[in-house]
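Working notes for the structure below.
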Amino acid sequence: MAISLKPSEVSDILLGQLQDMKNDLRFEEIGKALQVSDGVVRIYGLDHAEAGELLNCGNGVMAVVMNLEADNVGAVLMGPTDLLKEGMVVRRTGRIASVGVNDKVLGRVIDPLGNPLDGLGPVEGEKLDMPLERKAPGVIFRQPVSEPLQTGLKAIDAMIPIGRGQRELIIGDRQTGKTAIAIDTIINQRQAFEAGDPVYCIYVAIGQKGSTVASIVKTLREHGAMDYTTVVAATASDPAALQYYAPFAGAAIGEYFRDTGRHALVVYDDLSKQAVAYREVSLILRRPSGREAYPGDIFYLHSRLLERAARIIDQQEVAARMNDLPAVLKDKVKGGGSLTALPIIETQAGDVSA
Amino acid sequence: MNRSIVITRYARALVKYVREGGHGDIVCSEAETLGRALHELEDLRRMVTAADDVVTPFEKKKLLQSALGNRMSPDLSRFLTLLNQNGRMPLVEDILRDFTDMYHRSVGVRKAHLTTASEPSERLLQRLKALVKQKTGDDVIIEVDVDPSIIGGFVFDIDDYLMDASIKRQLDVIREQFIERNRRII
Chain F
393 MAISLKPSEV
403 SDILLGQLQD
413 MKNDLRFEEI
423 GKALQVSDGV
433 VRIYGLDHAE
443 AGELLNCGNG
453 VMAVVMNLEA
463 DNVGAVLMGP
473 TDLLKEGMVV
483 RRTGRIASVG
493 VNDKVLGRVI
503 DPLGNPLDGL
513 GPVEGEKLDM
523 PLERKAPGVI
533 FRQPVSEPLQ
543 TGLKAIDAMI
553 PIGRGQRELI
563 IGDRQTGKTA
573 IAIDTIINQR
583 QAFEAGDPVY
593 CIYVAIGQKG
603 STVASIVKTL
613 REHGAMDYTT
623 VVAATASDPA
633 ALQYYAPFAG
643 AAIGEYFRDT
653 GRHALVVYDD
663 LSKQAVAYRE
673 VSLILRRPSG
683 REAYPGDIFY
693 LHSRLLERAA
703 RIIDQQEVAA
713 RMNDLPAVLK
723 DKVKGGGSLT
733 ALPIIETQAG
743 DVSA
Chain S
27 MNRSIVITRY
37 ARALVKYVRE
47 GGHGDIVCSE
57 AETLGRALHE
67 LEDLRRMVTA
77 ADDVVTPFEK
87 KKLLQSALGN
97 RMSPDLSRFL
107 TLLNQNGRMP
117 LVEDILRDFT
127 DMYHRSVGVR
137 KAHLTTASEP
147 SERLLQRLKA
157 LVKQKTGDDV
167 IIEVDVDPSI
177 IGGFVFDIDD
187 YLMDASIKRQ
197 LDVIREQFIE
207 RNRRII
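These protein sequence lines are chains F and S, in that order. The first sequence runs 393 to 746 under this note's numbering. The second sequence runs 27 to 212 under this note's numbering.
Structure below.
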């Protein structure tokens with residue numbers, strides 16, 4: 393039977409919603425877009441903008457400040473370039489680029505800004521904004537790796553065991569089974585999940601085909617691995633900035649579990665594509681380039697990302713004073729958590745030096 | 027060399043030069059006119075930014091002079107010659123924009139822009155000016171734009187700050203919030 397809609401009910405709801413609309417007036421800090429090109433926008437004004445800050449370019453497009461110059465600001469766009477025009481007003485948001493995380497992100501496929509991509513509606517519940525760029529925990533907030541992380545592959549677990557809080561590079565040519573190792577590892581965490589000691593998994597797909605991501609999600613779902621897994625996807629058709637930020641989003645989600653005393657595993661598949669995306673952004677921002685046109689800080693990019701994999705000390709009073717904690721996490725910190733990272737690098741015909 | 031460093035250096039030098047010479051206001055208004063012309067006329071911009079062997083520096087300067095109706099102050103003329111000598115003519119639009127901003131700041135004048143749906147009264151403008159003077163201590167030049175598409179209210183921006191109190195924005199905000207809340211129903 394069709395449910396009949398009562399008109400009064402609908403308008404009452406709408407009236408209620410109208411009454412608590414937020415409409416506060418204040419001065420906003422603005423700049424004007426000078427030039428929009430290939431995913432980068434140069435903005436005149438915005439004298440107080442901070443590096444890494446999120447900007448609202450209008451038309452629902454966000455950008456992140458990357459270059460602060462004498463008379464303009466260079467920002468990378470997180471959305472399509474064709475929605476912007478020269479002279480458009482760009483507003484500061486006062487927020488640092490971040491991803492909204494809570495336990496409900498498990499089982500979901502999201503983009504690096506936390507927007508769902510799987511058509512299952514918005515991620516519910518109150519979300520904590522975890523900054524994409526965050527410093528790794530200092531030496532005193534860590535403790536040695538002591539627990540193993542079972543990959544489920546006997547050869548690896550026997551010869552080169554991976555501990556919780558460690559990072560282990562998976563490197564090889566294409567079609568050699570790098571992704572397979574990572575997926576097997578994620579599926580193998582099902583045992584730990586059922587035993588009540590879950591290792592939450594984050595699979596970050598960077599610059600892959602949409603169909604590949606879909607088939608990976610299907611595999612994970614078939615094996616019941618999506619119950620404890622989040623997939624962060626920035627496919628080949630996404631802007632370079634999104635591909636560049638995808639691993640940071642994965643790390644931010646992992647840190648949410650790590651800092652609340654749980655174990656997490658993040659797979660970056662793969663970082664060579666992220667390096668290419670970063671090269672693209674850097675070249676458009678006119679940063680000086682080095683070997684193979686990669687920018688000089690490409691190694692720093694990967695090392696600061698992988699340093700965020702850590703085993704947090706289990707002394708609660710020390711862990712609570714961890715460096716660079718986001719304000720939203722202050723009273724939720726628990727020691728003893730870990731973040732394990734499995735970065736994947738694809739080599740070209742065995743050339744490991746490139 | 028970094029483009030924005032070049033631009034700010036030339037702009038700063040011109041500000042100092044015109045303040046010493048005492049012809050700042052004339053040069054500034056000329057720079058504003060030129061800037062507007064360069065912004066609006068794409069052909070002019072293309073000629074000025076062209077390579078020197080396609081359009082000679084002399085012709086570039088002549089074009090800019092004619093954009094000002096052939097009445098260019100000697101200070102600005104000398105500055106454009108300097109730009110030509112150093113091969114920085116392609117940056118002239120950015121330099122003039124930075125110059126006008128810096129000049130206004132150095133003499134304690136702020137530029138503001140007011141958009142309303144109907145012609146604002148003189149009294150309102152005076153009150154706004156008094157308000158800005160009281161808050162910042164600076165004089166203000168208000169450019170007024172009448173744009174019926176904002177329906178009502180006003181949009182006021184001064185330097186890098188903007189207050190959008192237009193009905194159009196309020197409707198946009200309500201629309202966004204409605205969509206945000208009812209997304210799952212749709």
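Each residue gets a CB set at the ideal place from its N, CA and C atoms; glycine is no exception.
With distances taken Cα to Cα, identify the nearest neighbour of residue i among the options.
i, options, result
"F:Ser730", "F:Leu693, F:Glu518, F:Met480 and F:Phe649", "F:Phe649"
"S:Leu90", "S:Asp101, S:Asp79, S:Leu106 and S:Ala76", "S:Leu106"
"S:Leu150", "S:Gly163, S:Val170, S:Gly134 and S:Leu94", "S:Val170"
"F:Leu476", "F:Arg434, F:Leu734, F:Thr732 and F:Arg582", "F:Arg434"
"S:Arg136", "S:Phe84, S:Ile184, S:Asp173 and S:Ile177", "S:Ile184"
"F:Arg559", "F:Val537, F:Glu442, F:Gly450 and F:Asn507", "F:Val537"
"S:Lys194", "S:Ser175, S:Asp186, S:Glu145 and S:Asp78", "S:Ser175"
"S:Arg260", "S:Pro146, S:Ser30 and S:Asp165", "Outside the shown range of chain S (27 to 212) lies residue 260 of chain S, about which nothing can therefore be said."
"S:Val181", "S:Phe84, S:Glu56, S:Asn112 and S:Thr141", "S:Thr141"
"F:Val744", "F:Ser607, F:Gly564, F:Thr732 and F:Asn451", "F:Gly564"
"S:Val1", "S:Thr75, S:Ile167, S:Arg153 and S:Glu145", "Because chain S here runs from 27 to 212, residue 1 of chain S falls outside it and cannot be looked at."
"F:Glu420", "S:Gln203, S:Ala191 and S:Arg201", "S:Ala191"
"F:Gly506", "F:Ile554, F:Gly569 and F:Phe640", "F:Phe640"
"S:Gly163", "S:Ile200, S:Ala143, S:Gly134 and S:Pro146", "S:Gly134"
"F:Leu612", "F:Gly499, F:Pro529 and F:Val453", "F:Gly499"
"F:Val710", "F:Gln535, F:Ile552 and F:Ala572", "F:Gln535"
"S:Gln203", "F:Thr739, F:Gly431 and F:Gly452", "F:Gly452"
"F:Leu717", "F:Thr652, F:Tyr592 and F:Val673", "F:Thr652"
"F:Ile422", "F:Arg700, F:Ala574 and F:Gly479", "F:Gly479"
"S:Val1", "S:Asp186, S:Leu188, S:Pro146 and S:Gln152", "The question about residue 1 of chain S has no answer here: the residues shown for chain S are numbered 27 through 212."
Can you find the residues in the same chain that come closer than 6 Å, C-beta to C-beta, to residue i, ignoring five residues on each side of it along the sequence?
i, result
"S:Ala37", "Ile121, Asp124, Phe125 and Met128"
"S:Gln196", "none"
"F:Ala528", "Glu699 and Arg700"
"F:Ala656", "Tyr592, Gly646, Phe649, Arg650 and Leu731"
Counting only the same chain and skipping the five closest in sequence on each side, list residues whose C-beta sits under 8 Å from that of residue i.
i, result
"S:Arg114", "Val32, Tyr36 and Ile121"
"F:Ile601", "According to the sequence displayed, residue 601 of chain F carries Lys and not Ile. Here the set comprises Thr627 and Ala628."
"F:Ala667", "Tyr686, Ile690, Leu693 and His694"
Which same chain residues, not among the five before or five after residue i, have their C-beta less than 7 Å away from its C-beta?
i, result
"S:Ala93", "Leu60, Ala63 and Leu70"
"F:Ala497", "According to the sequence displayed, residue 497 of chain F carries Val and not Ala. If we look at F:Val497 and ignore the five residues flanking it on each side, its Cβ neighbours are Val515, Thr622 and Ile645."
"F:Gln542", "Asp549 and Asn580"
"S:His49", "Ser99 and Asp101"
"F:Arg671", "Ala685, Tyr686 and Pro687"
"S:Pro83", "Asn110 and Met115"
"F:Ala584", "Pro590 and Val591"
"F:Gly466", "Val432, Arg434, Met458, Asn459 and Leu677"
Note down, in chain order, every chain F residue with its Cβ under 9 Å from the Cβ of residue i.
i, result
"S:Phe204", "Leu406, Gln409, Leu410 and Met413"
"S:Arg114", "In chain order: nothing, as chain F lies at least about 14 Å away."
Starting from the beta carbon of residue i, find every residue of chain S whose beta carbon is closer than 8 Å, and list them in chain order.
i, result
"F:Ala462", "Asn28, Ser30, Ile31, Ile33 and Thr34"
"F:Val481", "Leu188"
"F:Glu518", "In chain order: nothing, as chain S lies at least about 15 Å away."
"F:Asp439", "Asp186"
Mind listing the chain S neighbours of residue i? Cutoff is C-beta to C-beta under 9 Å, in chain order.
i, result
"F:Ile422", "Asp183, Asp186, Tyr187 and Leu188"
Between residue i and chain C, is any beta-carbon pair separated by less than 9 Å?
i, result
"S:Ile200", "Annotation note: the requested chain C is absent from the structure, which comprises protein chains F and S."
Can you pull the chain F residues whose beta carbon is under 7 Å from the beta carbon of residue i, in chain order?
i, result
"S:Asp124", "Asp463"
Counting only Cβ pairs nearer than 7 Å, list the residues of chain S close to residue i.
i, result
"F:Leu417", "Met189 and Ala191"
So which residues on chain F does residue i lean against when the C-beta distance must stay under 8 Å?
i, result
"S:Arg207", "Gln409"
Handout entry: Contiguous beta strand (DSSP E) assignments of at least 3 residues, all confined to the stretch 128–163 of chain S
Key = 135–142
Exercise for the section: Report yes or no: do the stretch 147–159 of chain S and the stretch 62–80 of chain S share at least 3 C-beta pairs separated by less than 8 Å? Expected result: no
Handout entry: Every unbroken beta strand (DSSP E) within the stretch 521–575 of chain F, with a cutoff of 3 residues, ordered by chain
Key = 562–564
Handout entry: Cβ pair count under 8 Å reaching 3, the stretch 713–728 of chain F against the stretch 436–446 of chain F
Key = no
Handout entry: Stretch pair the stretch 486–501 of chain F + the stretch 519–530 of chain F: three plus CB contacts closer than 8 Å
Key = yes
Handout entry: Stretch-stretch touch, CB-based, cutoff 8 Å, three pairs: the stretch 444–456 of chain F with the stretch 470–488 of chain F
Key = yes
Handout entry: Whole beta strand (DSSP E) elements within the stretch 633–680 of chain F, 3-residue minimum
Key = 655–661
Practice task
State whether the stretch 463–477 of chain F contacts the stretch 588–599 of chain F, with contact taken as three or more CB pairs (one from each stretch) at a distance under 8 Å.
Solution key: no
Practice task
Identify every run of the alpha helix (DSSP H) within the stretch 683–746 of chain F, keeping only runs that are complete inside it and at least 4 residues long; order them along the chain.
Solution key: 690–698 and 708–711
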